[in-house]
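Student: I have a structure here, written as C-alpha cells, and I will follow up with some questions on it.
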Amino acid sequence: MRKNRWTFFQNRSLQAKMLVIILPLVIVPMLILAAVGFVTSSREAAKTSLRYLKQRENDLRTIAETPSIPNYFINTAYGLVEEAEVYRQELENALERFADRSNSIELVYAQVRYVDQQGQEIAKVVRGQIGTEYGQVAESPFFAAVQRLGPDEVYLSPLGPQMTYAMPVFHPDRGTFQGAVVLDFVYPLHDFRHTTIVIGRTFLIITVLSLGIALFVTINRVQRLTDPIRRLAEAANLIATGQRAVQVEIHTQDEIGRLAHAFNAMATSLEQNEAALRRKIVETRTLYEIGQEIIAQVDLEPTLHLIVEQAHALLQVEGSLLALRQEGSDTYLIQAHSGTIPASLARLQIRPGEGLGGQVILTGKPIMVGDYLTEYGDSPFFSIVQEAGFRSALAVPLKAHDSVIGILYVASQIPHKFQAEDQELLNALADQAAIAIENAQLYQQVRKHAAELEAKVRERTQELEEVNRRLAVTSQHKSEFLANMSHELRTPMNAIIGFTRLVMRRAKDVLPQRQYENLEKILLSAEHLLQLINDILDLSKIEAGRMEVQPASFALDALIEECLRTVEPMRRSERIQLVKSLEAALPPLFTDQAKLKQILMNLLSNAVKFTEDGCITVTAHPHGGDLVIAVADTGIGIPADKLEVIFEEFRQVDSSTTRKYGGTGLGLSISRRLAQLLGGNITVQSTVGSGSTFTVTLPLHYGTIQPVMPAPPPDRLTTLPEAGRVVLVIDDDPDVIYLLQENLAEAGYRVVGITNGEEGLQKARELRPFAIILDLLMPQKDGWQILHELKADEVTRPIPIIVLSIIDNRELGYRLGAADYLLKPFDREAILAALARLAPQPGHLLLVDDDPQLLDLVRQLLEGTPYAIETARDGEEALEAITRHTPAVILLDLLMPRMDGFAVIEYLQQDPRYREIPVIVLTAKVLTDAEKHLLQQRVQTIIQKNGLHRQTLLQELQRVLQSYQR
C-alpha cells in the first residue's frame, strides 16, 4: 500500500509535487496562528465573563456585610419590633442606594433582597425601587441550596440571561443561619456569545483570506517556477515526435535558464546530427545498392563500366574515369569512363608521380583539387584537362591487399565543387569497387582454370565410366554367379537333406544302427554345408546392401525358448545347462524376427560348441529405448587381443580352434552385421578359461512403427486336419514335390504336384485346393508372377498360399498375398504347422465383446451345440486369441475399448493368413450407410443384439460355416 502511494506521488507533475511540498509549509503555520488567535480571543471573552460574575459576587458580599442585617435579626430575636422595623427600613434604603448606584448606566440588578431563615422576604428592591410586596421563597431552588452553604460560600444559579447570586447570613455570636442576601441580576449571555461568534467569524474570514492569498501567491510562484520546466518538457516531447527545429525561449540566468540554454544547444546539435545521419543513411543505402550491383558482376569489363557510371551519378559530376595497373608493369591505363570525357583523356597512361593520378599512386591516399588549372599547372596532362574544361577533381586509390591496383577519378567544371563528405563517399565506393574488380579478376582466373580442369575431368570421367562399366559387368556376373550357384547348390542339397530325413524316419527300425548313424552324419554334413552356403550368400547380400529388414511385433520370450529347444540336442554333454533368465513383463519387440533368430542361433551354437561343462545363460532386459540380450557361457574364453578379430570374416581365434571345433568364421561376422542392420550392435566380454558373454543391443522399435503382419507363432503341431484335404504344390523340382507328398500324406493331406507355373494356375482353378505350396525360382513364369495371378483371380483368390523357396523375401511375399513364408530346406513340422494354422477347427468360435452379460447369453444360447466358444473382452485380446488358435468363425462386437471391431476387421483384411476367417457382427449400434457399405464388403452377416434368438444365431453360423468349407 505504501509503495503504491509512493508510486502515485512519483507519477504526479512537478508543479503538483511542489505544491504538495510548499502548501503545507504555508497553510499549516497560518492555521496554527489563526487557531492560537481564536483561542486567545475566546479566553479573553471568558475572562470578561468571569470578571463580570466576580463583580456580582463582590457586590453580594458587600450587601451581606451591611450592619442593618444583623441588627435586624438580633432585635427581632429579642422582640424589639419597632427597633427591628427601623433596621429593616434602613436595610431597604441601603439596598435602594446600592441598586441606584449599580443600575446607573444599565439595568444590572433586577432585584436585591434579604430573606430570613424561613424564606420570607424582609427587604426588597425591585428595579431600583423599594418593593411593596414581599413573598415567600422557601420553595425556591436557590433557598434550599443556600441553607446548605457555610460561611463565606455563595450560590450561583445556572448560566442564563437572568441569574441569581445568594449568600447565607449567620448570627455573629451563635453562628446560626439567619437568612440570605439574594441578588437577581442580568447576565449578558447573548453579548458574550455574540462576541465569541464575532471573534471566531473574524478569525475565520482572516484565515480564509490569508489562505486564499497564500494559495494564490504560492501557486503563482510555483507556476512561474515550473513553467520553464514544462516548456522544456513540451519541447522534448516535440523532439521525441520527430520535430527537430525546436527552441525554448527562457532568458533567466538561474539554473533553469542554463538548462534551457543547454537544451537549445542539444536540440540544435541533434537536428544537425540527424540531418547528417539521414544524409549518411541515404549515402550508405545508395552505396549498398551500388555495391550489390557491382559485386554481382563477374566479368571485368561490365564491372568497370558500372563503377564509373555509378560514381558519375552518385556525385553528380561531368565526368568520371577509372584506371587500372597493367599486369607486369607500373603503368596505369584508363579502362573505363563516363560523362563528357574527350578521347585524348580516355587514352591516358599514368605513371607514378605524374599528375593528380600519379600522386595518388605514390601516396596511396585520396587527393581533392579545388582548381586544377591553378594547382597543377605543371602537370603533363594540363592541356588535356584544360581542353576538357575540368576545374575541380577528386581522385581516390583502389586498393587490394595494401597495394594500389587502380585510380577512380571524378571531375567537375565548377571550381571547388567537392567537399570532405564527397571524398568519404567516393572512398567508400572505391573500397567496394576494389573488391568487385578483384573478384572479377579472380573469376577470370578461376574460369580459365575451370576450363582446364573441365577438360581433365572429362578425360578422367571417361576413364571412370569405363572402369565403372567393367565393374558393373563384373558385379552383374558375380550376382548372376551367386544366384545360379545358390540355386544349383541349394536345390540338390535340399533334396539330400529331405530324402535323408525321410529315410531316417521311415527306416529307423529297419536299418542297422551303424547305417542309421551314417545317415545322421550325412544329414549333419549336408545341413552344415547348406548353412555355409547360406552364410556366404547372406554376407554377399549384406555387402551389396540388398539385405531387407522385415520388422514385426513379437514376444521375445517365445523366440528365446524356441532357440534353446533347437540347440539343446547340440550340447556336448548332459552336464551343460541351458538357462533362460528374462526380466518380468518384457515389452514386445518390433524388429526382424528371422534375423534376430539367426543372431541368437549363431551365439547359442558357438556357446554350445566352445563349452565343455557348466552353464549357458540367456538374459534379457530393457534399457531406455533398447533391449539388451546377453548370451553367457562358461567355455574356453577368448584372449583380450582377439575380441575384435572374431568378428572379421573367415577369422577365428587361431588355427587350433578351427581344427578342434570347426567352423568357417562367418557366424559372428554375419551376426554383428545383422545386428547393425537392425540398428544395434554386438559386443563381447571374455576371460580365457572362464567363459564369454556376447551382448546384443537392439532398439525396441526398429525404424518407424507401422502396422505390419505379426510374425508367425512358433512352429508347433496341432491336431491333424481332416483326411483328403488337397494341397497343390507348384515347384519345378520333382524331388521337392515327392518329399512333400511323402511328408504330408502321413498327416492326411493329398498332395497334387505341378512343375510348370502355367499348368499350376489352371490346376488351382480346377481343384480349388485347401492350400497351395509355391516355389519362386521356376523357368518360364516365376513364382512371383504366379502368386500375383492367383491373388488377382476371383476363383483362386480365397486359396491360402504358402511360399516355399530358397529366396528370403518375406515382406514382398506377404505384400503379394502369401499366407505364410517358409525357406528351403523345409522342415516337416514347420510345413504341418503352417497348414494347421490355415485350417479352422470345426466348431471353434471366437466371441469378442466387452459386455459380460452378452458373453454369458451367447454361451447359454449355444449350450448343447458342438461349438466350442473362446471369448475376448476387446480387439487386442481377440488378435492374441486368433494368433494362438485360428477360429472357424468370429462373432464380433463393434464398440469396444482399446481396439474396436472396425479395427479388428481391418487388421484381419490386411493379414492374408486371417482374411478368409468368416466374421459375424453382433452389434446394438445404429449403423450409418457408410458403415453398412464397409461391413458388407468385409463380413458375412450383421446380427442386431436386440431380440437375439438362438435359432437365428444357429442358422447364421451353419450358413456361414457351410459356405466357408471348400
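According to this note's numbering, the sequence shown is numbered sequentially starting from -8. All C-beta atoms in this analysis are idealised placements derived from N, C-alpha and C, irrespective of residue type, glycine included. A quick note: this is a predicted structure, and the numbers were derived from the prediction, not measured.
#1: Between which two residues does the beta strand (DSSP E) carrying K685 extend?
#2: Starting from L385 and walking both ways along the beta strand (DSSP E), at which residues does that stretch end?
#3: My understanding is that L719 touches K754, with C-beta atoms under 8 Å, so please give their C-beta distance in whole angstroms.
#4: Assign P503 to one of two classes, buried (16 or more other C-beta atoms within 10 Å of its C-beta) or exposed (fewer than that).
#5: Cα-Cα, which of A114, Q238 and Q120 is closest to R92?
#6: For the stretch 587 to 648, which segments carrying the beta strand (DSSP E) assignment without a break, of at least 3 residues, lie completely within its bounds, in sequence order?
#7: From the DSSP output, in three-state form, read off N49 for me.
#8: Just the C-alpha distance for E300 and L416, rounded to the nearest angstrom, thanks.
#9: Let me check one thing: in DSSP terms, what residues is V395 bridge-paired to?
#10: With a threshold of 16 other CB atoms inside 10 Å of the CB of K815, please say whether the residue is buried or exposed.
#11: Thinking C-alpha only, which one of G330, I745, I197 and P857 is nearest L24?
#12: Please classify P725 as buried or exposed, where buried requires at least 16 other C-beta atoms within 10 Å of its C-beta.
#13: Rounded to a whole number of angstroms, what is the C-alpha to C-alpha distance between T710 and A827?
#14: Helix, strand or coil, according to DSSP, for K38 in the structure here?
#15: Using the rule of at least 16 other Cβ atoms within 10 Å of the residue's Cβ for burial, across every protein chain shown, is V30 buried or exposed?
#16: Which whole-angstrom value describes the C-beta separation of L752 and E780, a residue pair presumed to lie in contact below a C-beta threshold of 8 Å?
#17: Within 10 angstroms of its Cβ, does A75 collect 16 or more other Cβ (buried), or is it exposed?
#18: Using a Cβ-Cβ cut-off of 6 Å (strictly less than) and excluding sequence neighbours within five positions of H835, which residues of its own chain qualify?
#19: Give a yes or no on contact between the stretch 338 to 354 and the stretch 312 to 322, applying the rule of three or more CB pairs nearer than 8 Å.
#20: According to DSSP, is L569 part of a helix, a strand, or is it coil?
#21: Can you tell me where the beta strand (DSSP E) holding D326 begins and where it ends?
#22: Buried or exposed, going by whether 16 or more other CB atoms sit within 10 Å of the CB of D321?
#23: For R664, count neighbouring C-beta atoms within 10 Å of its own C-beta (all shown protein chains included) and say buried if the count is 16 or more, exposed if not.
#24: When the distance is taken between beta carbons, is A762 closer than 8 Å to P791?
#25: Could you pull the start and end residues of the alpha helix (DSSP H) that L822 belongs to?
#26: Where does the unbroken alpha helix (DSSP H) through P725 begin, and where does it stop?
#27: Taking 6 Å as the limit between beta carbons, can you name the residues of its chain near V137, skipping five residues before and five after?
#28: Whose CA, out of Y805, L870, N597 and M887, lies closest to the CA of D842?
#29: Does the stretch 362 to 375 come close enough to the stretch 388 to 395 that 3 or more CB-CB pairs lie under 8 Å?
#30: Check whether the Cβ atoms of V213 and I13 sit closer than 8 Å, and answer yes or no.
#31: Compute the distance between the beta-carbons of V839 and L899, then report whether it is under 8 Å.
#32: Taking the alpha-carbon positions, what's the K447 to A427 distance?
#33: Is the distance from the Cβ of E553 to the Cβ of L569 below 8 Å?
#34: Please list, in chain order, all residues of the same chain as G670 whose beta carbon is under 7 Å from its beta carbon, the five residues on each side excluded.
#35: Give the straight-line distance between the Cα atoms of L353 and L347, rounded to the nearest whole angstrom.
#36: Please list, in chain order, all residues of the same chain as A85 whose beta carbon is under 7 Å from its beta carbon, the five residues on each side excluded.
Tutor: On the basis of the coordinates in this document:
#1: Walking along the sequence shown from the start, residue 685 turns up at place 694. Note that residue 685 corresponds to Phe in the displayed sequence, not to Lys. Run containing F685: G682 to P690, per the beta strand (DSSP E) assignment.
#2: If you number the sequence shown from 1, residue 385 lands on position 394. Element bounds for L385: S383 to A391.
#3: Indexing the sequence shown from 1 puts residue 719 at position 728. Indexing the sequence shown from 1 puts residue 754 at position 763. Sure, about 6 Å apart at Cβ, within 8 Å.
#4: Mapped onto the sequence shown, residue 503 falls at position 512. Label assigned to P503: exposed.
#5: Position 101 of the sequence shown, counting from 1, holds the residue named residue 92. Minimum Cα distance to R92 is reached at Q120.
#6: 606 to 614 and 617 to 624
#7: What you label residue 49 is simply residue 58 of the sequence shown in a count that begins at 1. Helix.
#8: Translated into positions along the sequence shown, residue 300 becomes position 309. Translated into positions along the sequence shown, residue 416 becomes position 425. The straight-line gap from Cα to Cα measures roughly 15 Å.
#9: Along the sequence shown, one-based indexing puts residue 395 at 404. V395 pairs with K390.
#10: The residue given as residue 815 occupies position 824 in the sequence shown. The residue is buried, with at least 16 neighbouring Cβ atoms inside 10 Å.
#11: Counted from its first residue, the sequence shown places residue 24 at position 33. Ranking the options by Cα distance to L24, first place goes to I197.
#12: Here residue 725 corresponds to residue number 734 of the sequence shown, with the count starting at 1. The residue in question, P725, is exposed, as its Cβ has fewer than 16 Cβ neighbours within 10 Å.
#13: Your numbering for residue 710 matches position 719 in the sequence shown. Your numbering for residue 827 matches position 836 in the sequence shown. Residue placement at T710 is flagged as unreliable, the pLDDT there being 34, under the threshold of 50; a coordinate-derived value is accordingly withheld.
#14: One-based indexing of the sequence shown puts residue 38 at position 47. In the structure shown, K38 sits in a helix (DSSP, three-state: H, G or I).
#15: The residue you call residue 30 lines up with position 39 of the sequence shown. By the 10 Å Cβ count, V30 comes out exposed.
#16: On the sequence shown, residue 752 is found 761 positions in, with the first residue counted as 1. On the sequence shown, residue 780 is found 789 positions in, with the first residue counted as 1. Sure, about 6 Å apart at Cβ, within 8 Å.
#17: Here residue 75 refers to the residue found at position 84 of the sequence shown. A75 should be labelled buried.
#18: Mapped onto the sequence shown, residue 835 falls at position 844. Counting only Cβ-Cβ distances below 6 Å, and skipping sequence neighbours, we find A859, P878 and A879.
#19: yes
#20: Position 578 of the sequence shown, counted from the first residue, corresponds to residue 569. Three-state DSSP puts L569 in a strand.
#21: One-based indexing of the sequence shown puts residue 326 at position 335. It is worth fixing the name first, because residue 326 is Gln in this sequence and not Asp. Run containing Q326: Y323 to G330, per the beta strand (DSSP E) assignment.
#22: Within the sequence shown, residue 321 is the residue found at index 330, counting from 1. Counting Cβ neighbours within 10 Å, D321 comes out exposed, since fewer than 16 surround it.
#23: One-based indexing of the sequence shown puts residue 664 at position 673. Label assigned to R664: buried.
#24: The count along the sequence shown starts at 1 and reaches residue 791 at position 800. The count along the sequence shown starts at 1 and reaches residue 762 at position 771. Result yes, Cβ atoms of P791 and A762 sit closer than 8 Å.
#25: Reading the sequence shown from its first residue, position 831 is the one you call residue 822. A quick correction: the sequence has Ile, not Leu, at residue 822. Here the alpha helix (DSSP H) through I822 covers R819 to L829.
#26: Translated into the one-based positions of the sequence shown, residue 725 becomes position 734. From DSSP, the alpha helix (DSSP H) with P725 extends over P725 to A736.
#27: In the sequence shown, residue 137 corresponds to position 146, counting from 1. Only Y146, A157, P159 and A171 meet the Cβ criterion.
#28: Reading the sequence shown from its first residue, position 851 is the one you call residue 842. Of the listed residues, the one whose Cα sits closest to D842 is M887.
#29: no
#30: Counted from its first residue, the sequence shown places residue 213 at position 222. Counted from its first residue, the sequence shown places residue 13 at position 22. Yes.
#31: For this step, residue 839 is matched to residue 848 along the sequence shown. For this step, residue 899 is matched to residue 908 along the sequence shown. Against a cut-off of 8 Å, the Cβ pair of L899 and V839 comes out as no contact.
#32: Sequence index remark: in the sequence shown, residue 447 carries index 456 (1-based). Sequence index remark: in the sequence shown, residue 427 carries index 436 (1-based). So the two alpha carbons sit approximately 29 Å from each other.
#33: In the sequence shown, residue 553 corresponds to position 562, counting from 1. In the sequence shown, residue 569 corresponds to position 578, counting from 1. In this structure, L569 does not lie closer than 8 Å to E553 by Cβ.
#34: Within the sequence shown, numbered from 1, the residue matching residue 670 stands at position 679. Excluding residues within five positions, the ones whose Cβ falls inside 7 Å are L689, P690 and Y693.
#35: Sequence index remark: in the sequence shown, residue 353 carries index 362 (1-based). Sequence index remark: in the sequence shown, residue 347 carries index 356 (1-based). If I take the Cα positions, the gap works out to 10 Å.
#36: Working through the sequence shown from its first residue, we reach residue 85 at position 94. If we look at A85 and ignore the five residues flanking it on each side, its Cβ neighbours are T57 and S59.
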